[in-house]
Amino acid sequence: MKFAWIDIAVIALYFVVTLAVGMWVSKKAQANLRAYFLGGNTMPWYYLGLSNASGMFDISGTMWLVYLLFIYGLKSLFIPWVWPTFNQIFLMVFLSLWLRRSGVMTGAQWILFRFGESRGATLSHIIVVVFALCSVLGFLAYGFVGIGKFAAVFLPWQLHQDPHTNEMLYGLILTGLTTIYVVKGGMFSVVVTEVIQFIVMTIASVAIGVIAMQAVSGEMIQAAMPAGWDSLSPSWIIEIDWSQRLAEANRRIETDGYSMFGIFLMLVLFKGILVSLAGPAPNYDMQRILSARSPAEAAKMSGFVNVVLIFPRYMMIAGLTVLAMVFFVDELQSMGEHADFEQILPFALGTFLPAGLLGLVVAGLLASFMSTFAATTNAAPAYLVNDIYKRYINSTAKDAHYVKASVLVSLLFVCLGTAIGWFVPSLNTVILWLVSALWGGYTAANVFKWYWWRFNGNGYFASMLTGIVCAMPMMMIDINPLYGFPILFALCVLAGVTVSLLTPPDDMDVLTQFYQRTKPWGWWQPVITTIQHTSPGFRPNSAFYRDIGNVFVGVVWHTAMTAAPIFMVIKQWDAFVIAITLVVCTSVWLNVFWWNPLKREEEADSTAASTASLAAQGDLSSNQKRNVHA
């Protein structure tokens with residue numbers, strides 16, 4: 242790909258600004274561990290939301306979505322539910338509130354908050370740390386390889402004659418640049434630089450969508466798409482026939498395992514709902530929730546991610562797909578069975594983007610890699626230093642010591658991830674295993690921990706251990722982790738429930754403290770009864786039906802927001818108006834039944850905190866103090 246001097250200047254300016262801002266804010270992270278890992282819980286929810294959206298805006302995921310939209314048409318909107326993309330709806334409606342109320346710094350620390358100090362709780366704490374570190378290491382290696390591969394395509398300099406070595410050298414350079422501001426500044430640097438990266442990426446995405454709309458007419462799109470491509474309605478079988486234009490696309494539909502679409506969609510919903518109910522895995526998404534200033538702001542942050550991420554990202558995806566369908570099919574057809582659909586992006590960039598804008602878009606694409614890599618790097622020391630080193634090895638050191646240890650751990654994990662990435666040129670299979678098999682084994686234990694009081698630390702450990710052990714062989718055998726998920730989930734449920742019932746329940750004091758602070762709904766009646774013996778006025782969570790209704794409406798809202806930019810780019814205006822109308826109607830519902838109750842809860846929390854503070858200072862009457870205590 243050829244760059245004009247202005248493109249190179251834009252890319253260089255982006256890196257200079259990112260590093261300068263990251264270093265400028267790094268002093269705030271040096272105060273203590275909470276400042277390093279969570280930004281001191283001082284960052285506004287909209288900054289955290291932009292940062293979280295930036296971390297999710299990874300370019301490899303974007304290219305996968307381009308591939309899906311190109312091959313499967315509008316039905317591809319349902320395929321990413323396998324991750325699931327709608328988990329942010331569960332977070333914004335209730336799970337972010339519950340998680341942030343804990344006041345902990347990491348997911349592993351939350352386990353001790355839930356299960357206490359028993360042997361089972363300790364084992365559960367350790368296995369969550371192991372799970373988190375495995376995930377971090379895998380994604381760091383993936384990020385290193387991804388940065389190198391895409392930079393070798395986009396950037397014009399040939400650093401080495403061997404293609405693989407050339408990719409790895411690019412990976413080393415960009416990984417090193419990213420590591421500087423992440424290791425130095427912790428969460429402050431990550432969030433501030435990711436906000437900049439998200440702004441750049443949004444401009445790039447909108448630009449690609451607009452260019453596609455200007456370059457391609459509605460008639461050209463209709464002539465290029467196969468029959469059934471623009472149908473959003475689910476069906477039992479994928480009925481898109483590419484045989485007249487691109488036979489390889491039909492073969493991909495057969496080999497991907499999505500052709501029996503009805504069965505696939507039921508499996509996706511089954512897995513997606515359970516994974517969403519389990520809450521976020523111990524990664525950058527959880528760290529953003531724990532970094533929020535209050536539970537209500539954590540929920541707002543999760544909702545804001547949907548608003549700012551979906552529309553611009555799908556403008557890019559739809560724009561790239563349209564340009565490929567109209568102008569790139571002949572070249573893909575000439576590749577035969579080796580058709581590389583990932584070449585759609587460099588083809589579209591090199592052919593249609595003017596000088597200057599090309600540099601901005603490439604900077605944005607590199608930014609998406611860097612933001613994901615940065616967010617993942619920040620998660621590693623949070624678990625190893627705070628949950629292992631500080632708890633079990635050195636619990637009396639000063640905060641400055643732990644911050645320095647966190648810097649060293651970050652560097653260590655970057656080096657380990659880089660080493661794995663250097664020797665493993667393709668991590669697609671590993672990543673599929675991480676997000677489907679390993680996280681599949683994570684699901685059962687983390688559903689029960691929220692909704693069933695009798696599920697104890699021993700059961701959690703047994704379920705997680707079963708999931709990890711069963712997930713290991715799935716890396717070596719030829720099985721789609723999605724189709725293996727029901728069996729894996731059933732084995733984890735059996736292990737967790739059996740061990741929980743065969744061992745004593747967790748200490749009731751631990752359970753009552755957990756429930757009073759977190760207030761989940763579910764099967765908690767014995768705990769609620771115990772609390773009400775000493776606090777008769779205590780009211781449990783009664784928002785189950787409201788929350789489930791909001792989740793259903795939120796998924797419709799999320800899907801409509803995803804479909805709207807695609808309909809806009811392919812110029813199907815009637816469908817676009819319907820999608821926007823759905824977005825508006827569901828937004829009104831969520832404003833009444835989610836946002837307004839959230840504001841009332843925030844006001845109540847603020848009033849209670851202020852009243853308690855005054856009571857502690859002796860400024861209230863004795864009766865008022867008794868009311869505050871009650």
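Numbering (our numbering), first residue to last: 242 to 871. Where a beta carbon is used, it is the ideal one built from N, C-alpha and C, also for glycine. Note that the structure is a prediction, hence the values are computed from the model and not measured.
Rounded straight-line distance, which links the Cα of Asp788 to that of Cys656: Here residue 656 refers to the residue found at position 415 when the sequence shown is read from its first residue. Here residue 788 refers to the residue found at position 547 when the sequence shown is read from its first residue. Roughly 43 Å between the two C-alpha positions.
So does the region 807 to 825 actually touch the region 555 to 562, counting three or more Cβ pairs closer than 8 Å? yes
Decide if Thr822 is buried, meaning its Cβ has at least 16 other Cβ atoms within 10 Å, or exposed. Here residue 822 refers to the residue found at position 581 of the sequence shown. So Thr822 counts as exposed.
Check Trp693 in the structure and name its three-state DSSP category. Here residue 693 corresponds to residue number 452 of the sequence shown, with the count starting at 1. In the structure shown, Trp693 sits in a strand (DSSP, three-state: E or B).
Residue(s) in a DSSP beta bridge with Trp764: Counting from one through the sequence shown, the residue named residue 764 turns up at place 523. Beta-bridge pairing links Trp764 to Trp693.
Under the three-state reduction of DSSP, which class applies to Val202: helix, strand or coil? Summary: the structure shown does not reach residue 202, with the chain confined to residues 242 through 871, and so no result is reported for it.
Please go through the region 431 to 492 and give each complete alpha helix (DSSP H) segment of 4 or more residues, from N-terminal end onward. 459 to 465
I'd like to know whether the C-beta atoms of Ser472 and Lys316 end up nearer to each other than 9 Å. Along the sequence shown, one-based indexing puts residue 472 at 231. Along the sequence shown, one-based indexing puts residue 316 at 75. Yes, the Cβ-Cβ distance between Ser472 and Lys316 is below 9 Å.
If contacts are defined as beta-carbon pairs under 8 Å, then Lys512 and Val323 qualify, I think. What distance do you get, rounded to the angstrom? As a first step, residue 512 must be located in the sequence shown, where it is residue number 271. As a first step, residue 323 must be located in the sequence shown, where it is residue number 82. At roughly 7 Å, the Cβ-Cβ gap stays under 8 Å, so Lys512 and Val323 are in contact.
By DSSP, does Tyr499 sit in helix, in strand, or in coil? One-based indexing of the sequence shown puts residue 499 at position 258. Tyr499 falls in the coil class under three-state DSSP.
What three-state label does DSSP hand Asp788 in the structure shown? As a position in the sequence shown, residue 788 is number 547, starting the count at 1. In this structure, Asp788 counts as helix in the three-state DSSP scheme.
Whether Pro321 touches Leu332 by CB criterion (9 Å): Position 80 of the sequence shown holds residue 321. Position 91 of the sequence shown holds residue 332. No, Cβ-Cβ distance for Pro321 and Leu332 is not below 9 Å.
Below 8 Å, can you find three or more Cβ-Cβ pairs linking the region 282 to 298 to the region 759 to 767? no
Would you decide whether Val650 is buried or exposed? Buried here means 16 or more other CB atoms lie within 10 Å of its CB. Working through the sequence shown from its first residue, we reach residue 650 at position 409. So Val650 ends up on the buried side.
For Gly682, the nearest candidate out of Leu752, Ala519, Ala621 (CA to CA): If you number the sequence shown from 1, residue 682 lands on position 441. Considering only alpha carbons, the answer is Ala519.
Can you give me the start and stop residues for the alpha helix (DSSP H) that Met705 sits inside? For this step, residue 705 is matched to residue 464 along the sequence shown. Note, Met705: alpha helix (DSSP H), 698 to 712.
Closer than 8 Å to a non-hydrogen atom of the ligand FAD - does that hold for the CB of Leu487? Because no ligand of any kind appears in the structure shown, any question about the ligand FAD cannot be addressed here.
State the start and end residues of the unbroken alpha helix (DSSP H) segment that holds Tyr555. The residue given as residue 555 occupies position 314 in the sequence shown. Element bounds for Tyr555: 536 to 568.
If contacts are defined as beta-carbon pairs under 8 Å, then Met713 and Met566 qualify, I think. What distance do you get, rounded to the angstrom? Taking the first residue of the sequence shown as position 1, residue 713 is located at position 472. Taking the first residue of the sequence shown as position 1, residue 566 is located at position 325. Rounded, the Cβ-Cβ distance is 41 Å, inconsistent with contact.
Length of the line joining the Cα atoms of Arg341 and Leu653: Indexing the sequence shown from 1 puts residue 341 at position 100. Indexing the sequence shown from 1 puts residue 653 at position 412. For Arg341 and Leu653, the distance between alpha carbons rounds to 29 Å.
Looking at Ser543 and Gly790, is the spacing between their C-beta atoms short of 9 Å? What you label residue 790 is simply residue 549 of the sequence shown in a count that begins at 1. What you label residue 543 is simply residue 302 of the sequence shown in a count that begins at 1. Not a contact, by the Cβ cut-off of 9 Å.
Residues near Trp835 by beta carbon distance below 7 Å, same chain, minus five either side: In the sequence shown, counting from the first residue as 1, residue 835 sits at position 594. These residues qualify, in order along the chain: Val334, Asn791.
Helix, strand or coil at Trp324 [DSSP, three-state]: Start at 1 with the first residue of the sequence shown, and residue 324 comes out as number 83. Correct three-state label for Trp324: coil.
Secondary structure at Glu358, three-state DSSP: helix, strand or coil? Taking the first residue of the sequence shown as 1, we reach residue 358 at position 117. Residue state, collapsed to three classes: coil.
Of the residues Leu515, Leu487, Ser292, Lys760, which one's Cα is nearest the Cα of Leu338? If you number the sequence shown from 1, residue 338 lands on position 97. Comparing Cα-Cα distances from Leu338 to each of Leu515, Leu487, Ser292, Lys760, the minimum goes to Lys760.
State the Cα-Cα distance for the pair Thr771 and Arg695, rounded to the nearest angstrom. Taking the first residue of the sequence shown as position 1, residue 771 is located at position 530. Taking the first residue of the sequence shown as position 1, residue 695 is located at position 454. Each residue's Cα considered, the two are about 14 Å apart.
Express the C-alpha separation of Ala731 and Val516 in angstroms, rounding to a whole number. Numbered from 1 along the sequence shown, position 275 holds the residue referred to as residue 516. Numbered from 1 along the sequence shown, position 490 holds the residue referred to as residue 731. Whole-angstrom Cα-Cα distance: 14 Å.
Quick check on the DSSP output: the alpha helix (DSSP H) that includes Ile819 runs from which residue to which? Here the question's residue 819 lines up with position 578 in the sequence shown. Looking at the DSSP string, the run of the alpha helix (DSSP H) that includes Ile819 is 814 to 831.
Tell whether a beta-carbon distance below 9 Å holds between His774 and Ile551. What you label residue 774 is simply residue 533 of the sequence shown in a count that begins at 1. What you label residue 551 is simply residue 310 of the sequence shown in a count that begins at 1. In this structure, Ile551 does not lie closer than 9 Å to His774 by Cβ.
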